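Novice:
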Amino acid sequence: MRNDPMAVMNPPIIKTKTNPPGLLADPVAPRDLISIHDLSPAEVLSLFNLTSMLKQRPAEFRGLLAGKQMVMFFEKPSLRTRLTFEAGMDSLGGSTFFVDQTASRLNARESLYDIAHNLERWIDIIVLRTFSHAVVEEMATYAGVPVINALSELEHPCQALADFFTLQEHFGDLKKVHLAYVGDGNNMAHSLLLAGASVGAKVSIATPERYGLNPVIVTMAKAIAEETKASLRILNDPRKAVAGADAVYTDAWASMGHEHEAEARAAIFAPYQVNAALMQFAKPHALFMHCLPAHRGCEVTDQVIDSVNSVVFDQAENRLHIQKAILVWLLGSGVGRFPARSAHAHA
Ligand code: CP
Ligand code: NVA
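Convert by adding 490 to the 1-based position in the sequence shown; the result is the number in my numbering.
1. Look at the alpha carbon of VAL853 and the alpha carbon of ILE758, and state the distance between them as a whole number of angstroms.
2. Can you tell me whether ASP516 is helix, strand or coil according to DSSP?
3. Report all residues from its chain with a CB closer than 8 Å to the CB of GLU789; omit the five preceding and five following residues, and keep chain order.
4. Using the three-state DSSP reduction, which class does ILE816 fall into: helix, strand or coil?
5. Are the Cβ atoms of GLU628 and LEU602 separated by less than 8 Å?
6. Taking the runs of the beta strand (DSSP E) that are 3 residues or longer, which of them lie wholly in the stretch 693-776?
7. Any idea what DSSP makes of THR631, helix, strand or coil?
8. Which residue or residues does DSSP assign as beta-bridge partners of LEU523?
9. If you draw a straight line from the alpha carbon of THR586 to that of ARG755, how long is it in whole angstroms?
10. Please report the straight-line C-alpha distance between THR508 and GLY822, rounded to a whole angstrom.
11. Let's test the definition: count the other Cβ atoms within 10 Å of the Cβ of THR620 and tell me whether it reaches 16, buried, or not, exposed.
12. So, ILE605 versus VAL635, is the Cβ gap smaller than 8 Å?
13. Output the boundary residues of the beta strand (DSSP E) element that contains HIS668.
14. Confirm the yes/no value for this check: CB of SER568, any heavy atom of ligand 1, distance under 7 Å.
15. Whole angstroms is fine: what's the gap from LEU513's alpha carbon to ARG552's?
16. Three-state secondary structure (DSSP) at ASP438?
17. Which same chain residues, not among the five before or five after ALA679, have their C-beta less than 8 Å away from its C-beta?
18. Distance cutoff 8 Å, beta carbons only. Does PRO783 sit that close to anything in chain B?
19. Does any heavy atom of ligand 1 sit closer than 7 Å to the C-beta of LEU523?
20. How far does the beta strand (DSSP E) with ASP663 in it extend, from its first residue to its last?
21. For the alpha helix (DSSP H) that PHE575 lies in, which residues bound it at each end?
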C-alpha cells in the first residue's frame with residue numbers, strides 16, 4: 491500500500507467512524523508499519539494515548555474489528571509477537587490466520603508480487619516476520635492492504651513502541667528519559683534509536699566497533715531528532731552509555747539467523763554484559779529492559795533481570811496493548827480509506 495505520489499503530496503486527514511468515544515485526536519493513519527519512521531513523532535504519542543485507553547478499558551473496544559481478518563507469515567520463531575497479535579486481534583473481534591513459514595522463505599514457492607495480489611483479495615491486514623527487511627518492504631509495495639513488520643533483520647518497530655510506552659508509564663514525560671542500550675547494533679537497537687528520536691528522549695547506544703548500527707538508520711534518527719530535540723549518542727563504551735541512564739536495555743548478542751556466530755560473539759560482547767557492576771553507572775532507580783527472549787548469563791545476569799528494577803514482563807504485557815492499538819490504527823476506519831503516505835516529508 492505504498493507508492494501513491496498524490497497521496498504523499500496531499501495526505502487526507504482520516505476521520506474514523508469507528509473510533510471509540512473519548513479518543514482525543516483522530517490519528518492520521520500510516521498505511522503500513524514497516525519502520526518506526528512510518529510514524530511522525532506526534533503519531534507515536536497519539537498511538538500511546540490509544541494504547542492507554544485499550545489497556546485501561548479493554549471492554550469498550552470489544553468487537554471494534556469484528557469481521558476483519560489478519561494473516562501472519564513468520565519465517566522465524568516467536569512467543570510474544572505471535573501471541574500478542576493473535577490475542578489482541580481476538581479481543582477486538584477479528585480473526586487471525588497464522589502461517590508457519592519457518593521451513594522455507596516466504597517467496598520460495600512463488601513471487602511476493604503474486605502472493606500480495608492473492609492476499610489482498612481475501613485478507614484485511616498482513617503481518618510478517620522475515621529474515622530480509624526487503625521482503626516486508628516489497629510486500630508493502632505490492633499489497634493493497636496494510637502490512638506490519640513483526641521483526642526483520644533491520645527493525646522491530648512493534649517492540650520498540652511497546653518499550654517506549656512502558657517507559658512513559660514509569661517516568662511520564664519521555665523527553666526527560668535517558669535510555670541506554672548496550673550490545674549488538676541490531677534490529678532492536680535500530681528501532682529503539684528511531685523511537686527514542688521520535689519521542690524526544692535521550693538515547694545512548696554502545697556496541698562493539700564491528701557490530702555497530704546501520705548508518706542509514708542513524709541518519710534517519712538524527713533527522714527526526716532535529717525535529718524533536720532528542721539527544722542521540724552512538725558509542726562503543728558501555729559504561730559511558732549507561733552513565734546516568736534512567737533505563738538500561740540489552741538484547742541477544744546473536745539474533746535469530748546469527749545463532750551460529752554465538753560462540754565467537756560471546757567473547758567480543760562480554761564487556762557489554764548488563765550485570766550489577768554495569769548497572770552501578772546508571773541512576774539508582776534505573777530500570778532494566780529486554781525485549782526477550784533473554785540469554786541469561788550472556789547479555790544479562792540473573793541478578794539484574796530478576797531484580798525489582800527489571801520491567802521485562804511489563805514490556806511483554808505492553809506488547810499486547812500496543813499491538814491492539816496498531817491494529818485499530820491501521821484497520822479502525824476500514825481498509826482502503828488510509829492514505830498511501832509516509833509520515834516524514836523527506837521519506
Ligand atoms: N520480543 C519478541 O519479539 O519476542 P518473540 O520473538 O517471542 O516474538
Ligand atoms: N534481536 C533479536 C530480537 C528478538 C525479539 C532477534 O532478532 O533475534
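Heads up, the beta-carbon is just placed ideally off N, CA and C, and yes, glycines get one too.
The structure presented is a predicted model; accordingly, all values stated were derived computationally and were not measured.
Specialist: So, to answer that:
1. Given that the chain is displayed from residue 491 to residue 837, the structure contains no residue 853 and the question cannot be resolved.
2. Any answer about ASP516 is weak, because its pLDDT of 44 lies below 50 and its placement is not dependable; what the coordinates show is given next. In this structure, ASP516 counts as coil in the three-state DSSP scheme.
3. These residues qualify, in order along the chain: GLY673, THR740, ASP741, ALA742, TRP743, PHE759, TYR762, GLN763, VAL764, HIS780.
4. Taken through DSSP and simplified to helix, strand or coil, ILE816 comes out as helix.
5. Result yes, Cβ atoms of GLU628 and LEU602 sit closer than 8 Å.
6. Segments of the beta strand (DSSP E) lying fully in the stretch 693-776: 721-725, 737-740.
7. Reduced to three states, the DSSP call for THR631 is helix.
8. DSSP output for LEU523 lists ILE638 as bridge partner(s).
9. Cα-Cα distance, rounded: 37 Å.
10. Because the pLDDT at THR508 is just 39, under 50, the model does not fix this residue reliably, and the point stays unresolved.
11. Here THR620 is buried, its C-beta having at least 16 other C-beta atoms within 10 Å.
12. No. Outside cutoff.
13. Per DSSP, the unbroken beta strand (DSSP E) holding HIS668 starts and ends at 668-672.
14. Result yes, Cβ under 7 Å from ligand 1.
15. For LEU513, the pLDDT reaches just 44, beneath the cut-off of 50, and the residue's location in the model is therefore unreliable, leaving the point undetermined.
16. The structure shown does not extend to residue 438, since the chain spans only 491 to 837, so no value can be given for it.
17. Contacts found: TYR671, GLY673, ILE695, THR697, LEU703, ASP741.
18. Note that chain B does not occur in the displayed structure, where there is just one protein chain.
19. For LEU523, the Cβ stays outside the 7 Å cut-off from all heavy atoms of ligand 1.
20. Going by DSSP, ASP663 is part of no beta strand (DSSP E) at all; its letter is neither H nor E.
21. For PHE575, the uninterrupted alpha helix (DSSP H) segment begins and ends at 570-581.
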